[in-house]
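Number of protein chains: 2
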Amino acid sequence: MEDSTLSDEVFIRSADVSWTDVGAGLRRQILGHGPDLMMVSVQLDKGAVGALHHHPHRQVTYVAHGSFEVTVDGRCELLNAGDSFYVASDLTHGVRAIEAGVLIDVFTPTRAEFLANG
Amino acid sequence: MEDSTLSDEVFIRSADVSWTDVGAGLRRQILGHGPDLMMVSVQLDKGAVGALHHHPHRQVTYVAHGSFEVTVDGRCELLNAGDSFYVASDLTHGVRAIEAGVLIDVFTPTRAEFLANG
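Chains as they are written, first to last, in this note's numbering: chain A, 11 to 128; chain B, 11 to 128.
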């Protein structure tokens, strides 16, 4: 029944959603989300780094545009548009944008701190 | 500990993954996934229809390419590349491709039947 509160957020147009500047060439936009699933678009300038970090939320990421060096649990590989990566709970991960690009991060459960902070 | 079995599936390159032809102008490719989170790429020909259906899994979908008429719980809207939609548990939903395109569907929990059937 929690989802009934989200009835106005079924359709999310990128143009209608604000971007949060998280610094160092990264911007974040919250797309579709419910209590246990959240999609976030992340724009990165060329050379921008999403620093190594970890969280209990499981994450799967789609490379929508660009080319990224992706590190997960000490392994580093180059991924291009159309590729994806999966991050199990608490594994350390980070990215570096080889060129300007967009990542679509999806989390379960929802990153509540993103909703609080934009 | 379940995720430890997925250590070889951290990085998923689209070019390395087979496509499953699901008929009627739709093709499906399983991208990153773990026990409780699964990303699937769906290619649709112009005019192809993902028929109305429902499942208990929560779903969030990113429009990677193209333009789609999306129906969720009786509401129908037009979404373009960069937009997204969220489907709560058991809500009836479907899509129609206005032009050829790609949807990135993400589910929690994982759609085990996709792993069984390709």
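Ideal Cβ placement from N, Cα and C applies to all residues, glycine included.
Cβ-Cβ separation, residue j to residue i (assumed contact under 8 Å), whole Å
| i | j | result |
| --- | --- | --- |
| residue 32 of chain B | residue 23 of chain B | Not really, about 21 Å apart at Cβ, beyond 8 Å. |
| residue 101 of chain A | residue 81 of chain A | Not really, about 10 Å apart at Cβ, beyond 8 Å. |
| residue 96 of chain B | residue 20 of chain A | 6 Å |
| residue 114 of chain B | residue 108 of chain A | No, residue 114 of chain B and residue 108 of chain A are not in contact; Cβ-Cβ is about 21 Å, not under 8 Å. |
| residue 27 of chain B | residue 116 of chain A | With 8 Å as the limit, residue 27 of chain B and residue 116 of chain A do not qualify as a contact, their Cβ atoms being about 17 Å apart. |
| residue 118 of chain B | residue 120 of chain A | The Cβ separation is near 10 Å, so there is no contact. |
Own chain residues within Cβ distance below 7 Å of residue i, not counting five before or after
| i | result |
| --- | --- |
| residue 98 of chain A | 68 |
| residue 110 of chain A | 54, 55, 56 and 76 |
| residue 7 of chain B | Not covered by the structure: residue 7 of chain B. The range shown for chain B is 11 to 128. |
| residue 34 of chain A | 58 and 59 |
| residue 87 of chain A | 80 |
| residue 66 of chain B | 99 and 100 |
| residue 89 of chain B | 73, 78, 80 and 95 |
Same chain only: Cβ atoms within 6 Å of residue i, ignoring 5 sequence neighbours per side
| i | result |
| --- | --- |
| residue 59 of chain B | 106 |
| residue 49 of chain B | 41, 42 and 116 |
| residue 15 of chain A | For residue 15 of chain A, the predicted model reports a pLDDT of 41, less than 50, meaning its position is unreliable; a value from the coordinates is still stated below. Hits under 6 Å: none found. |
Cβ shell of residue i (< 8 Å), same chain only, five flanking positions each side left out
| i | result |
| --- | --- |
| residue 94 of chain B | 70, 71, 72 and 73 |
| residue 29 of chain A | 37, 38, 39 and 53 |
| residue 91 of chain B | 73, 74, 75, 76, 77 and 111 |
| residue 64 of chain B | 100, 101, 102 and 103 |
| residue 127 of chain A | 30 |
Where residue i falls, given that 16 or more other Cβ within 10 Å makes a residue buried
| i | result |
| --- | --- |
| residue 47 of chain A | buried |
| residue 42 of chain A | buried |
| residue 84 of chain B | exposed |
| residue 51 of chain A | buried |
| residue 125 of chain B | exposed |
| residue 123 of chain B | exposed |
Secondary structure of residue i, DSSP reduced to three states
| i | result |
| --- | --- |
| residue 98 of chain A | coil |
| residue 12 of chain A | Confidence at residue 12 of chain A is low in this model, with a pLDDT of 41, below 50, so the placement of that residue should be treated as unreliable; the coordinate-derived value is given next. Here residue 12 of chain A sits in helix by DSSP. |
| residue 93 of chain B | coil |
| residue 79 of chain A | strand |
| residue 31 of chain A | strand |
| residue 111 of chain A | strand |
| residue 122 of chain A | helix |
| residue 25 of chain B | helix |
| residue 19 of chain A | helix |
Practice item. With 7 Å as the limit, tell me which residues of the segment 31-49 of chain A have their beta carbon closer than that to any beta carbon of chain B; keep them in chain order. Key: Against chain B - using a Cβ distance shorter than 7 Å - the residues of the segment 31-49 of chain A are 41, 42, 43, 44, 46, 47 and 49.
Exercise for review: Report the residues of the segment 57-85 of chain B with a CB closer than 8 Å to any CB of chain A, ordered along the chain.
Suggested key: Answer in chain order: 68, 69, 70, 71, 72, 74, 80, 82, 83 and 85.
Point to revise | Cβ-based contacts, 7 Å cut-off: residues of the segment 103-119 of chain B near chain A | key: Within the segment 103-119 of chain B, the qualifying residues are 114, 116 and 118.
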